[in-house]
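Colleague:
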Amino acid sequence: MEALDEIILLERFESRINAGEKIEPKDWMPERYRKQLIRMISQHAHSEVVGMLPEGNWITRAPSLRRKISLLAKVQDEAGHGMYLYSAAETLDVDRRELIEQLLSGQAKYSHIFNYPTLNWADIGVIGWFVDGAAIVNQTMLAKCSYGPYSRANLRICKEENFHKRQGYEIVATMAAGTTEQREMVQDAVNRWWWPSLMMFGPSDNESPNSAELLRWKVKLHSNDELRQRFVDLTVPQSQAVNITLPDPELRYDKKTQHWNFGKINWEEFWNVVKGNGPCNRERLAARQKADDDGAWVREAAVAYTMKRRMNR
Amino acid sequence: MKNGPDHRTKNVLVEFLFRLGDDRLILGHRLSEWCGHAPILEEDIALANIALDLLGQASALLRLAGEIEGKNRAEDDLAYFREATQFTNLQLVEQPNGDFAFTIARLFFFSAFNNLLSERLQKSSIEALAGIAAKGFKESSYHLRHSKEWMLRLGNGTEESHQRMQIAVNELWRFTGEMLAFDEVEEKLQQQNVIPDLNPIAPKWNEIVAAVLTEATIIIPSHQKDGGQAGNHAVSGSRNGFHSEHLGHLLAEMQILARSYPDAKW
Ligand SMILES: [Fe+2]
Ligand SMILES: [Fe+2]
Chain A
1 MEALDEIILL
11 ERFESRINAG
21 EKIEPKDWMP
31 ERYRKQLIRM
41 ISQHAHSEVV
51 GMLPEGNWIT
61 RAPSLRRKIS
71 LLAKVQDEAG
81 HGMYLYSAAE
91 TLDVDRRELI
101 EQLLSGQAKY
111 SHIFNYPTLN
121 WADIGVIGWF
131 VDGAAIVNQT
141 MLAKCSYGPY
151 SRANLRICKE
161 ENFHKRQGYE
171 IVATMAAGTT
181 EQREMVQDAV
191 NRWWWPSLMM
201 FGPSDNESPN
211 SAELLRWKVK
221 LHSNDELRQR
231 FVDLTVPQSQ
241 AVNITLPDPE
251 LRYDKKTQHW
261 NFGKINWEEF
271 WNVVKGNGPC
281 NRERLAARQK
291 ADDDGAWVRE
301 AAVAYTMKRR
311 MNR
Chain B
314 MKNGPDHRTK
324 NVLVEFLFRL
334 GDDRLILGHR
344 LSEWCGHAPI
354 LEEDIALANI
364 ALDLLGQASA
374 LLRLAGEIEG
384 KNRAEDDLAY
394 FREATQFTNL
404 QLVEQPNGDF
414 AFTIARLFFF
424 SAFNNLLSER
434 LQKSSIEALA
444 GIAAKGFKES
454 SYHLRHSKEW
464 MLRLGNGTEE
474 SHQRMQIAVN
484 ELWRFTGEML
494 AFDEVEEKLQ
504 QQNVIPDLNP
514 IAPKWNEIVA
524 AVLTEATIII
534 PSHQKDGGQA
544 GNHAVSGSRN
554 GFHSEHLGHL
564 LAEMQILARS
574 YPDAKW
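Written as structure tokens, this is what we have:
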């Protein structure tokens, strides 16, 4: 009887999704859907938070007050994105603390891109241009996903990411039109960030274990390869406009498909970073762990104070 | 400038604006160091918000100082190409962040001061300054509220948080004296009716701080049995460019890129 109920509920669930309806927290959903969403949303939230570190690395050294203010505002936005996303995840009956502990224990992942170092100021421009640019391509899709709270969080996030991307590209354009040293810094940053940015969309779908189910339930609407291609098609003309060379000799426009063909991605590097062996994996987790440890007494105090006030009322 | 200062007033006014601008620049910089490392995400956001307000005020104040000075120095020239001894910010704001209690207690002390000062500077005869102060008054009201809430939480929270807050307040107390002391710069500006009388700020500040510390069950250092040890070694001189050793390091980091490529536009 129960099994039959389940089948009927699943059918109803899938037909709602096919009709383009949003699934809301109180609606029935298959356990797999809930699990997949928690995994994706928390990974996304952790990425926003860990992503604060590489860019935060340059706040104190930003070369002008305007740049300092806009970089700080940007990194602050990323903290905000983390908050919206943790809240979206919490609608699925997990709490933020649990998710953060999964991050710190290494059980939960975050985007591999944030395990690369920011070595010169141009990295700040290039991250805005490539990394926020790639995030926009991905999140524009996620803003249309079937789970209501996640869809709405992404809608909100996308607006700010667009601003980040414009700001990053503007730094790149300014430096590319600047002194010889500035041009060298930009080219160096582009050389380092281009391939890791292409990896942000994840491996090809036939090698991506979760893809089929996510597509069927409209958690994702496009394949990783489609999104990657969209990003390349958008970014190549932007690099030409500022006279910066993307480090791929095989980049070629295909008139027939109207897409830019690109060279082979080094997936070995990607998996290596995902497994924890990237250039900054240890530093990133150590920084999050330190913030968490150092903040423990503060969080305890806040809880104790609230309890005392409640008792006195 | 419509209500422009006369020649006599100009130099003291520039000096005064440097003080205001430098305080906010250096504290904004210190608070920005927390971004990504705060005890909770909400506080990453709040501290960044406050840092952004202060850096915005600093930009506007230094820009105005440069305009009045008339030596063709923009706000970035002033922020990035002056030496430590040319900065006139308080030693309070240049101190390293310490733990969260230290950061909060300093923010509370400064915000209470900033709020009282901005409130008065809204009445400056220099329109541009009055405008910046009006914005600063609103912003610092929020900074004061936010830091006060944390003073109460930490003071009344756990034994550890209480202890940390008491230590922070004790350590910071010696930096508060010069914050509340005004010299001939402010006096001249007041005589020339450029700014209102700032002398009521000190007693008001003491009142606000005493009330919050009491509510936070934190002992006010000057009321301590040892006669306020910490207060006896009060620092002074930063309004004339005398600093702790911390400022030089802060500036070395802040100015590195701008100074390494002085011809570059960013
Ligand atoms: Fe983001
Ligand atoms: Fe972003």
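So the protein sequences, as listed, match chains A and B. Just so we're aligned, residue 1 is where the first sequence starts under my numbering, counting upward by one. Just so we're aligned, residue 314 is where the second sequence starts under my numbering, counting upward by one. Glycine residues also receive a C-beta, built at the ideal position from the N, C-alpha and C atoms. Computed from a predicted structure; not experimentally measured.
(1) Count the other CB atoms within 10 Å of the CB of V172/A; is the residue buried (16 or more) or exposed (fewer)?
(2) At what residues does the beta strand (DSSP E) containing D496/B begin and finish?
(3) Nearest to T398/B by alpha carbon, out of D576/B, A565/B and H556/B?
(4) Residue range of the alpha helix (DSSP H) that W195/A falls in?
(5) For Q76/A and C348/B, I'd like the C-alpha separation in whole angstroms.
(6) Could you list which residues in chain A have their beta carbon closer than 9 Å to that of H342/B, in chain order?
(7) Could you tell me which residues DSSP pairs with D254/A in its beta bridges?
(8) Kindly provide the ranges of any beta strand (DSSP E) runs that are 3 or more residues long and lie completely inside the segment 332-371 of chain B, ordered along the chain.
(9) Can you tell which of N410/B, P352/B and D336/B has its C-alpha closest to the C-alpha of E300/A?
(10) Would a check of beta-carbon distances place R299/A closer than 8 Å to chain B?
(11) From the beta carbon of Y305/A, is the nearest beta carbon of chain B less than 8 Å away?
(12) Residues of the segment 170-198 of chain A in Cβ contact with chain B at a cutoff of 9 Å, in chain order, please.
(13) Give the residues from the segment 68-102 of chain A that approach chain B closer than 8 Å (Cβ to any Cβ), ordered along the chain.
(14) Just grab the DSSP bridge partners of I23/A for me.
(15) Within 8 Å, do at least three Cβ pairs link the segment 567-577 of chain B to the segment 401-416 of chain B?
(16) Listed by chain order, which residues have C-beta atoms less than 5 Å from any heavy atom of ligand 2?
(17) On the DSSP letters alone, give me the boundaries of the alpha helix (DSSP H) that L85/A sits inside.
(18) If you measure beta-carbon to beta-carbon, which residues of the segment 6-33 of chain A are closer than 9 Å to chain B?
(19) Does DSSP put Y33/A in a helix, a strand or coil?
(20) Give the interface partners of K308/A over in chain B, defined as CB-CB distance under 7 Å, in chain order.
(21) Which residues in the same chain as H112/A place their Cβ atom closer than 8 Å to its Cβ, once the five residues preceding and following it in sequence are excluded?
(22) According to DSSP, is E558/B part of a helix, a strand, or is it coil?
(23) Quick check on D95/A: does DSSP put it in helix, strand or coil?
(24) Please give the ranges of any alpha helix (DSSP H) in the segment 481-528 of chain B, keeping only runs that are unbroken, at least 4 residues long and fully inside the region.
(25) Less than 8 Å between the C-beta atoms of H546/B and R487/B, yes or no?
(26) With Y393/B as the anchor, note down where its alpha helix (DSSP H) starts and where it stops.
(27) Hey, could you find the ends of the alpha helix (DSSP H) D293/A is sitting in?
(28) In angstroms with no decimal places, state the Cα-to-Cα distance between S431/B and A134/A.
(29) Hey, how far is the Cα of I8/A from the Cα of S211/A?
(30) Can F130/A and W193/A be called in contact, C-beta distance under 8 Å?
(31) Say the cut is 7 Å; is the CB of F124/A nearer than that to a heavy atom of ligand 1?
(32) Taking 8 Å as the CB-CB cut-off, is I381/B touching chain A?
(33) Considering only residues of the same chain and omitting the five flanking positions on each side of G148/A, which have a CB-CB separation below 7 Å?
(34) Check V242/A in the structure and name its three-state DSSP category.
(35) Over what stretch of residues does the alpha helix (DSSP H) that includes S551/B continue unbroken?
(36) Is A108/A closer than 8 Å to G82/A when the C-beta atoms are compared?
Modeller: With the given structure in hand:
(1) buried
(2) That residue, D496/B, is in no beta strand (DSSP E); it is neither H nor E in DSSP.
(3) H556/B
(4) T180 to M199
(5) 7 Å
(6) I59, T60 and K68
(7) H259/A
(8) none
(9) P352/B
(10) yes
(11) yes
(12) I171, T174, M175, A177, G178, T179, E181 and Q182
(13) K68, I69, L72, A73, V75, Q76, A79, G80, G82, M83 and Y86
(14) Y147/A
(15) no
(16) D132/A, E161/A and H164/A
(17) L65 to E90
(18) none
(19) helix
(20) N469
(21) P196, M199, M200, F270, V273, V274 and G278
(22) coil
(23) coil
(24) 490-493, 497-504 and 514-528
(25) yes
(26) E388 to Y393
(27) N281 to N312
(28) 43 Å
(29) 24 Å
(30) yes
(31) With the sequence shown as reference, residue 124/A is identified as Ile, and Phe is not the correct amino acid for it. I124/A: no, Cβ never under 7 Å from ligand 1.
(32) no
(33) K22, I23 and E24
(34) coil
(35) No alpha helix (DSSP H) holds S551/B; DSSP gives it neither H nor E.
(36) no
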